[in-house]
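>
Written out as structure tokens, the structure is:
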């Protein structure tokens with residue numbers, strides 16, 4: 001159950017409410033927002049019989065039927081805005097761009113320099129690469145993290161890269177401005193709880209076979225540990241369709257905007273797996289309310305060590321910028 005109470009104006013009532021919760025043996029957490037305290041009861045079934053309407057200071061007292069509540073609109077009606085070095089994700093449309101994998105200092109710098117000229121503020125680049133095949137390029141690992149941090153600072157760009165395990169989390173948090181949790185790890189609950197203990201922004205990708213409810217419940221794991229700086233990312237789900245790498249679920253964007261206050265961006269590169277579908281799906285994502293897009297860019301996709309077939313070259317990225325300008 002969620003109880004929102006004006007504790008500053010009705011202090012005595014607040015004490016009585018807490019006493020009732022304790023008498024019923026319910027666990028609870030509290031968060032103060034201005035004049036109001038948000039009391040979340042971990043179970044709440046025993047509290048439904050209480051006539052909460054008799055308390056003047058209670059703004060809302062609602063049962064929590066969903067497995068997530070801290071990330072829901074019931075808990076917070078206004079959109080969450082995450083400010084990262086002046087970039088306000090959730091308020092302004094953002095573009096996250098860069099190579100799928102960091103291959104070398106020369107490669108990353110060439111791409112970062114181009115993206116900076118194009119006005120991109122957030123640079124992505126994979127240092128640890130969880131690949132389907134054990135024989136595929138696995139990334140430069142810590143060397144890649146060092147390069148990402150160095151080049152991000154040189155071009156004054158926010159950086160994001162993926163933590164693929166508990167083992168890599170500390171290093172990623174040390175070198176990157178945003179910690180990415182990939183689709184394969186959306187249900188890695190120990191990793192989600194661990195990243196929730198950091199106070200760095202987290203970008204959480206939807207699992208390839210996950211429902212919207214499962215996606216939001218995964219975000220709940222992070223937020224429940226204290227980290228409220230969560231950015232959701234729709235990156236396509238697996239269906240019976242084989243022409244595209246995944247099926248990009250744009251209905252999830254509109255649905256999550258209704259269900260949750262967290263910002264959501266869309267990754268049309270992984271969502272389609274084909275570079276020529278990235279721009280039309282990016283336009284669709286922004287048109288239906290996404291807070292931004294995440295795309296893969298490479299100066300020579302044919303020679304890319306990872307996901308070249310879904311990466312935009314520099315000319316195609318310029319075209320994307322022109323076509324999405326109306327939505328930005």
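Residue numbers (UniProt numbering): 1 to 328. Glycine is no exception: its CB is placed at the ideal position from the N, C-alpha and C atoms.
1) Beta-carbon within less than 8 Å of residue 340's beta-carbon, same chain only, minus the 5 sequence neighbours each way: which residues are those?
2) Does the structure place the stretch 171–180 close enough to the stretch 145–158 that three or more beta carbon pairs sit under 8 Å?
3) For residue 255, does the three-state DSSP call read helix, strand or coil?
4) Where does residue 299 sit, in a helix, a strand or coil, going by DSSP?
5) Mind pulling the beta strand (DSSP E) runs of 3 or more residues that sit fully within the stretch 46–82?
6) Of the residues 215, 223, 160, which one's Cα is nearest the Cα of residue 96?
7) Quick test of the definition: if touching needs 3 or more C-beta pairs under 8 Å, does the stretch 69–79 touch the stretch 254–262?
8) Is it buried or exposed, residue 92, if we count other Cβ atoms within 10 angstroms and call 16 or more buried?
9) Between the alpha carbons of residue 313 and residue 246, how many angstroms are there, rounded?
10) Specify the secondary structure class of residue 174 as computed by DSSP and reduced to three states.
11) Quick check: what's the CA-CA separation for residue 116 versus residue 305?
12) Looking at the strands, I want to know which residues DSSP matches up with residue 310.
13) Exposed or buried, what is residue 119 when buried is set at 16 or more other beta-carbons lying within 10 Å of its beta-carbon?
14) Let me confirm a value: residue 227 is counted as buried when at least 16 other C-beta atoms fall within 10 Å, else exposed. Which label applies?
15) Taking DSSP as the reference, what is the three-state secondary structure of residue 92?
Result, derived from the coordinates:
1) Residue 340 lies beyond the residue range present for the chain, which begins at 1 and ends at 328; the question has no answer from this structure.
2) yes
3) Looking at residue 255 - three-state DSSP - the assignment turns out to be helix.
4) coil
5) Here the runs fully enclosed are 58–62.
6) 160
7) Flag = yes, the stretch 69–79 and the stretch 254–262 touch.
8) exposed
9) 21 Å
10) helix
11) Residue 116 and residue 305: Cα-Cα distance of roughly 23 Å.
12) DSSP output for residue 310 lists no bridge partner at all.
13) exposed
14) buried
15) strand
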